[in-house]
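**Student:** Got a structure here, written out as structure tokens. Questions coming.
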Amino acid sequence: MQLKLSASQQPFAPILLIAPFFLWGTAMVAMKGAIPHTTPFFLAGVRLIPAGVLILIAAILMGKPQPKGWLAWLWIGLFALVDGTLFQGFLAEGLVRTSAGLGSVMIDSQPLAVALLSLWLFQERIGLWGWLGLALGVMGISLIGLPDDLILGMLSHSSLPSPPLHYSFLESGEWLMLLAALSMAVGTVLIRFVCRYADPVTATGWHMILGGLPLWGVSAVTESEQIQNLVASDWLALGYATVFGSAIAYGLFFYFASSGSLTSLSSLTFLTPVFALLFGNLLLQEVLSPVQWVGVGLTLVSIYLINQRDTLAGSGNKPVTSAQNTAQQQSLLEASPKKLSRVTVPLRESEPEILP
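Residue 1372 in the numbering used here sits at position 142 of the sequence shown, and the numbers go up by one each step.
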């Protein structure tokens, strides 16, 4: 993966890279029982504001600097609006209006938008293998999230089932889920600009607090009985989603997004529904169909293709490694004595100098 994370400096780098998507997937499983007992915007605020406070406390303990200057706060405010308020707001309302499977497919397809934005803004090379990996990733999460009868009907060219395709797209939650995916993609790209003026960890904490406050404001005005129906197990699930699924997951994700390849990092989002499925099977006894297992396989292949796209493209596009540089330098050193020519330097005798 083209990320500035040295394996020698951080031996647990692969685990840390996968951790945000593992935590997001398991948080989805944990929150399944709590979602019907609370309201969407209140839940979105719970996932942001307490998590932001925890990140800021961690940043202080780590000695991270606080944002300084109006430019830093301007970028953090824009970051909070897009990735905090808009993303979580669209996601919360969209989940209510759409099926969980179709909603997860649309939200987890945001690596496509990240790839296009990274190509446009940062000239990240995607290549044939990268685009193929992105396409396989979307196919994989579609097989995971969409109903089996819909997929099998499309493959057999038979008549498609009417629900959930009979209603207008603009009147359904799919439009909101698409806006949520685009908001997350733009937020992923924005962290690059935010980090020019503020520390990524501190900026992540502040953007979660500032982005969550409007959501709680909307909840206070438009929603009621936000916590009356929550039981002890629901609070435990919300606690896990806040600490692990938000504070730790978002902190790690935006730390890695501040440098390296955004396309490679964002492609790991395809793992989120995979982890959700696997732990739903282990903890909630949810059964995976053969179609879903095929989707899991395609998703893993897509991540490999995206992260190894430069290697698969061929030796002509491979960067020169340090070992190759050393070999070239050694060959030059060995050949250099053969090309040396003798140079005669004339000298003139000087009068002897007598020291006092």
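Note that CB positions come from ideal geometry on N, CA and C, so glycine has one too. Computed from a predicted structure; not experimentally measured.
1) Taking 8 Å as the cut-off, decide whether the C-beta atoms of residue 1370 and residue 1529 are in contact.
2) Select from 1366, 1295, 1350 and 1271 the residue whose C-alpha is nearest the C-alpha of residue 1534.
3) Which residue wins for smallest C-alpha separation from residue 1515, given the options 1507, 1253 and 1305?
4) Do you know how far the Cα of residue 1363 is from the Cα of residue 1547?
5) Using 8 Å for Cβ pairs, my map puts residue 1406 next to residue 1327. What's the rounded Cβ distance?
6) Under a Cβ-count criterion, where at least 16 other Cβ atoms within 10 Å of its own Cβ denotes burial, should residue 1269 be classed as buried or exposed?
7) Residue 1261 to residue 1522, Cα distance in whole Å?
8) Does the beta-carbon distance from residue 1421 to residue 1352 come in below 8 Å?
9) Quick one, which of 1492, 1416 and 1273 has its alpha-carbon nearest residue 1470's?
10) Grab the span of the alpha helix (DSSP H) containing residue 1500 for me, first residue to last.
11) Determine, using beta-carbon pairs with one atom in the stretch 1434-1448 and one in the stretch 1279-1288, whether at least three such pairs fall under 8 Å.
12) Between residue 1525 and residue 1374, is the Cβ-Cβ spacing less than 8 Å?
13) From what residue to what residue does the alpha helix (DSSP H) around residue 1267 run?
14) Going straight from the alpha carbon of residue 1175 to that of residue 1539, what length do you get?
15) Under the three-state reduction of DSSP, which class applies to residue 1516: helix, strand or coil?
16) With DSSP run on the structure shown, which of helix, strand or coil describes residue 1292?
17) Inspect the beta-carbon positions of residue 1376 and residue 1416 and report whether they are closer than 8 Å.
18) Just how far apart, CA to CA, sit residue 1409 and residue 1320?
19) Where does residue 1502 land, buried or exposed, given buried means 16+ other C-beta within 10 angstroms?
20) Measure the alpha-carbon distance for residue 1505 versus residue 1489 and round it to whole angstroms.
21) Would you mind listing the alpha helix (DSSP H) stretches within the stretch 1434-1474 that are 4+ residues and don't spill past its ends, in chain order?
22) Closest by CA to residue 1479, which one among 1242, 1267, 1500 and 1248?
23) Nearest to residue 1519 by CA position, among 1484, 1428, 1379 and 1297, is which residue?
24) Hey, residue 1536 and residue 1255: beta-carbon distance below 8 Å or not?
25) For the alpha helix (DSSP H) containing residue 1424, list its first residue and its last residue.
**Tutor:** Answer, in terms of the structure:
1) yes
2) 1366
3) 1507
4) For residue 1547, the pLDDT reaches just 48, beneath the cut-off of 50, and the residue's location in the model is therefore unreliable, leaving the point undetermined.
5) 7 Å
6) Buried, since its Cβ has 16 or more Cβ neighbours within 10 Å.
7) 21 Å
8) no
9) 1273
10) Where residue 1500 is concerned, there is no enclosing alpha helix (DSSP H), given that its DSSP letter is neither H nor E.
11) yes
12) yes
13) It is not in any alpha helix (DSSP H) - residue 1267 carries neither H nor E in the DSSP assignment.
14) Nothing can be reported for residue 1175: it is not among the residues displayed for the chain, which extend from 1231 to 1586.
15) coil
16) coil
17) no
18) A direct Cα-Cα distance of roughly 7 Å separates residue 1409 from residue 1320.
19) Buried is the call here.
20) 25 Å
21) 1462-1472
22) 1248
23) Per the Cα distances, 1379.
24) no
25) Per DSSP, residue 1424 belongs to the alpha helix (DSSP H) from 1403-1424.
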